[in-house]
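Numbering (this note's numbering), first residue to last: 119 to 434.
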Ligand SMILES: NC(=O)c1ccc[n+]([C@@H]2O[C@H](COP(=O)([O-])OP(=O)(O)OC[C@H]3O[C@@H](n4cnc5c(N)ncnc54)[C@H](OP(=O)(O)O)[C@@H]3O)[C@@H](O)[C@H]2O)c1
């Protein structure tokens, strides 16, 4: 493992010829990640929920990158809708025959109780189940592209999470925004680690790596500040916080560092992992539970109807 502690996007190298998907690419970390991958020469498919947001995202990369943005493509994807994921996958397969980097970045945080179109609790549904279904639908391309990587975005908030398989969706009034966000970010790690174990067992030449940004000033918490008297608090909290560009570095290192191993987790090196250059960090013991990972996998296949046929071998 490369122990460097000063990694920046200048270390991305030449990514020409590589095809990447970044989910949630119109905002925050997704936009910053897309920009950096484009600047390094990758062909980036930036996914957004609406065509208006696609146009804004495209304009943002053109403005900052000029010609380098020519390799930016936009496609519509709503991770809270299994049918939208199916349509995206069909469109992507129609246009591309390889997938080097799948950056499962999009997310929502601590929203009020609500359900996705398919009836899933929305944070688990968007942050985990949506990306589980997306990765499964793109698995053929991941497996056939040598050295492909899947990067899952988690958070230090995975430590708030606990799995309760009889009540994954927080039914019967048990929902709290914080616990549901924690569960979804724990699920991102359980999935990332289990995906790598299954790649290994099936001899697939691909890596599953996880990352978290620490804290970065993005749109993630906007809905928590939507009352006028809370807005000054947001500006106060954003003082000294990392920029999206800094926050994207763990993702970018996870996606490209040649010394990264499957199952690695990258985050900022500073105190409490809030800020700093991206280094390998540790997640909690719960996130490494193979029992929970397998239960979540089985449940995610059942809920989404997406079966990872080629990665069937259950791990020990
Ligand atoms: N910022 C932080 O400090 C922080 C800390 C820990 C972890 N993270 C993680 O970082 C990731 C990126 O968040 P961010 O901070 O960049 O927040 P952000 O600025 O709010 O960006 C989130 C992105 O996800 C998209 N998204 C939300 N729901 C979606 C859905 N149903 N289908 C498809 N896309 C959807 C959003 O699209 P719309 O514009 O359409 O809503 C937006 O593009 C998340 O996974 C988050 O959990 C962030």
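Beta carbons: idealized from backbone N, C-alpha and C, even for Gly.
- If you look at residue 137, you'll find it isn't in any alpha helix (DSSP H); it sits in the beta strand (DSSP E) that goes 137 to 140.
- By the CB criterion at 7 angstroms, residue 147 and residue 222 fall outside the cutoff.
- Excluding its 5 nearest sequence neighbours in each direction, residue 142 has C-beta neighbours in its own chain below 6 angstroms: 148, 223, 224, listed in chain order.
- The beta carbons of residue 327 and residue 269 sit closer together than 7 angstroms.
- If you check the C-beta of residue 262 against ligand 1, you find no heavy atom less than 6 angstroms away.
- When DSSP states are grouped into helix, strand and coil, residue 384 belongs to the strand group.
- Boundaries of the alpha helix (DSSP H) harbouring residue 211: 200 to 213, taken from the DSSP string.
- Ranked by Cα distance from residue 172, the options 186, 158, 309, 190 are led by 190.
- For residue 219, the three-state secondary structure derived from DSSP is strand.
- Rounded to the nearest angstrom, the gap between the Cα atoms of residue 126 and residue 305 is 28 angstroms.
- In the structure shown, the three-state DSSP call for residue 163 is strand.
- Setting aside the 5 residues that flank it on each side, residue 220 is surrounded in the same chain by 138, 139, 252, 253, 256, 260, 266, 267, 268, 269, each with a C-beta closer than 8 angstroms to its C-beta; the list follows chain order.
- Between ligand 1 and the CB of residue 196, the shortest heavy atom gap is smaller than 6 angstroms.
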